[in-house]
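Residue numbers (the numbering used here): 31 to 193.
Printed below as a string of structure tokens:
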């Protein structure tokens with residue numbers, strides 16, 4: 031992570047504008063965050079390993095219980111990832127409040143919203159902090175072709191542990 035310290039100039043003295051406690055909380059203070067448990071972010075991503083356009087929804091719960099949902103549209107072979115400020119107690123592809131909710135659809139045709147689509151079977155697993163991942167790790171949800179599901183597609187999750 032790179033950061034910049036913003037300084038204001040009053041006469042000849044430099045005055046720090048950012049609060050030292052804030053800088054320490056995001057790992058930019060005098061000591062860096064110790065990985066994996068005290069890193070400032072969890073990286074969560076989606077990889078489209080199909081030959082079609084997909085829509086995917088990642089859902090996570092913040093420390094205060096608030097549920098956040100992020101929606102992605104990815105072309106064949108595309109991937110995306112976001113850094114989520116820790117702690118993130120729960121995350122899934124779909125809906126953290128309903129594990130049977132669809133988390134990905136595969137668009138047929140040209141990939142437009144009007145095209146026919148296939149709902150990929152729900153991922154159905156609630157990944158939890160300190161059980162399945164720690165802050166500083168990276169979680170990647172992959173949408174892949176599959177001969178073992180009715181839809182012909184499947185969601186896989188990979189957790190890459192921080193060094």
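Just so you know, even glycine gets a beta-carbon here, dropped at the ideal spot from N, CA and C.
Three or more Cβ pairs drawn from the region 116–136 and the region 156–164 lie within less than 8 Å of each other, which places the two stretches in contact. For residue 89, the enclosing beta strand (DSSP E) covers residues 83–91.
By the 16-neighbour rule on beta-carbons within 10 angstroms, residue 138 is exposed.
Beyond the five residues adjoining it in sequence on each side, residue 140 comes within less than 7 Å, by CB distance, of no other residue in the same chain.
Judged by DSSP in its simplified three-state form, residue 193 adopts coil rather than helix or strand.
Spatial neighbours of residue 104 in its own chain (CB-CB distance under 6 Å, excluding positions within 5 residues in sequence) are listed in chain order as 78 and 84. With respect to the C-alpha of residue 133, the residue from 102, 101, 107 and 87 having the closest C-alpha is 87. Considering only 182, 168, 188 and 163, the residue with the shortest C-alpha distance to residue 113 is 168. Inclusion of residue 136 and residue 82 in the CB contact set at 7 Å is warranted, their separation being smaller than that value.
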